[in-house]
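Enquirer:
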Amino acid sequence: MKTLALPQTQLTASNLILGLMRIADLDDEAIRTLVGTARDEGIDFFDHADVYGGAPHRCEQRFGDAVTFTSSEREQVKIQTKTGIVPGAFDFSKEHILESVDASLRALRTDYIDVLLLHRPDALVEPEEVAAAFDELEASGKVRNFGVSNHTPGQVELLKKFVRQPLAFNQVQLSITHAPLIAAGVAANMAGLDQSIDRDNGILDYARLNDITLQAWSPFQKQFFNGVFLGDREEYAELNDAIDELAAKYGVTPTAIAVAWITRHPANFQVVLGTTKPERVREAAAGSDLPLTRVEWYRLFTAAGYILP
């Protein structure tokens, strides 16, 4: 498992993250097996959000119920959660952030959160309120590091005008077949080409210039929660042929190749795995530090439908 010294923090962590958004209906033993498998594979970073599970803090609570860390074990793992989505709205008010973090701590049965992310941009954000909440959370020791999810560079800059703490993370959607933040730069300045349209104001370059760790969610999804591309030979036959060839070459599964396409990028992405299957975690772990060549990486890129001008 490849580990990363995460910029703007004191954290060193695996470049794979176990996402826990689908554990609400698992029993305690299944959750412990899933988490234990991740730990055995070297994954030490666990991702939550207050909205996961169908009820507020439901998945966090299931995790807290099932998994018990000793003091030393707790220091070895990193627990991340997100806040800001409420029924029918987004809410980055100081009151909501503080209340949500307290509820997350109770549900997770921990004294502190290693990383808190603001979940999806709040159009009504008042950065001064976010700053006040972050100051209080840092001073109390409840949160050690901060970041955002799905935010543009301009939205991050607006927060940074008031927030004192580094915004060290941005969690964004990325897979071989959903890669506009990479593909637009490859096709820059190509008039009339849809791929050249910058849909995120340069998140990737901004993150690299400002030492922000990007976390890739939905690494196997075709687009936005409309199924996985692995094994889909109706839409992605050429891509799956290329993945299968590389999987055979490297002695891994297609899952590992899909992960490796992201981890090969020099931006040092972390990859968020949303599976509840221990075997899929083991397969993904094999892609943590798999050295795809440039030609192999671009072959997957073009097989997914992107062009090289």
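Take the sequence shown: its position 174, counted from the start at 1, is 194 in this note's numbering, and no numbers get skipped. Idealized CB from N, CA, C, for every residue including glycine. Note that the coordinates shown come from a computational prediction; the quantities given were computed from them, not determined experimentally.
By the DSSP assignment, the beta strand (DSSP E) with residue 32 in it spans what residues?
Expert: Segment 32-34, the beta strand (DSSP E) holding residue 32.
Enquirer: Rounded to the nearest angstrom, how far is the Cβ of residue 112 from that of residue 137, given a contact under 8 Å?
Expert: With a Cβ gap of about 11 Å, residue 112 and residue 137 do not count as contacting.
Enquirer: Taking C-beta to C-beta, are residue 250 and residue 274 nearer than 7 Å?
Expert: Cβ atoms of residue 250 and residue 274: closer than 7 Å.
Enquirer: Do you know whose CA, among 48, 143, 114 and 57, lies nearest residue 84's CA?
Expert: Out of 48, 143, 114 and 57, 48 has the C-alpha closest to the C-alpha of residue 84.
Enquirer: How big is the Cα-Cα spacing for residue 127 and residue 70?
Expert: Cα-Cα distance, rounded: 10 Å.
Enquirer: Do you know whose CA, among 155, 195, 25 and 283, lies nearest residue 248's CA?
Expert: Of the listed residues, the one whose Cα sits closest to residue 248 is 195.
Enquirer: Using CA atoms only, rank isn't needed, just tell me which of 258, 155, 58 and 309 is closest to residue 322.
Expert: Closest by alpha carbon: 258.
Enquirer: Would the beta-carbon of residue 201 fall within 7 Å of that of residue 223?
Expert: Contact flag set, yes.
Enquirer: By Cβ distance, which residues of its chain are closer than 6 Å to residue 4, with the 5 residues on each side in sequence left out?
Expert: Since the displayed the chain opens at 21 and closes at 329, residue 4 lies outside it and no answer follows.
Enquirer: Under the three-state reduction of DSSP, which class applies to residue 246: helix, strand or coil?
Expert: If DSSP states are grouped into helix, strand and coil, residue 246 belongs with coil.
Enquirer: Which first and last residues belong to the alpha helix (DSSP H) in which residue 116 is found?
Expert: Per DSSP, residue 116 belongs to the alpha helix (DSSP H) from 114-128.
Enquirer: Determine the direct distance from the alpha carbon of residue 234 to that of residue 352, and round the result to whole angstroms.
Expert: Residue 352 lies beyond the stretch modelled for the chain, which goes from 21 to 329, so this question has no answer here.
Enquirer: Quick check on DSSP: helix, strand or coil for residue 164?
Expert: Looking at residue 164 - three-state DSSP - the assignment turns out to be strand.
Enquirer: Compare the beta carbon distance of residue 226 and residue 141 with 7 Å and say whether it is the shorter of the two.
Expert: It is not a contact, given that the beta carbons lie outside the stated cut-off.
Enquirer: Three or more C-beta pairs closer than 8 Å, one from the stretch 49-63 and one from the stretch 296-307: is that the case here?
Expert: Contact holds: three or more Cβ-Cβ distances are below 8 Å.
Enquirer: Taking 7 Å as the threshold (C-beta atoms), are residue 101 and residue 51 in contact?
Expert: Going by C-beta atoms, residue 51 is not nearer than 7 Å to residue 101.
Enquirer: Out of 169, 46 and 164, state which residue places its alpha-carbon closest to the alpha-carbon of residue 104.
Expert: Of the listed residues, the one whose Cα sits closest to residue 104 is 169.
Enquirer: What did DSSP end up calling residue 234 once you bin it into helix, strand or coil?
Expert: In this structure, residue 234 counts as strand in the three-state DSSP scheme.
Enquirer: Which residue's Cα is closest to the Cα of residue 33: 220, 189, 298 and 209?
Expert: Checked all of 220, 189, 298 and 209; the closest Cα to residue 33 is 189.
Enquirer: Would you tell me roughly how many angstroms separate the C-alpha atoms of residue 213 and residue 327, rounded to the nearest one?
Expert: If you take the alpha carbons of residue 213 and residue 327, they lie about 10 Å apart.
Enquirer: Using alpha carbons as the reference points, say which of 106, 166 and 40 lies closest to residue 298.
Expert: Of the listed residues, the one whose Cα sits closest to residue 298 is 40.
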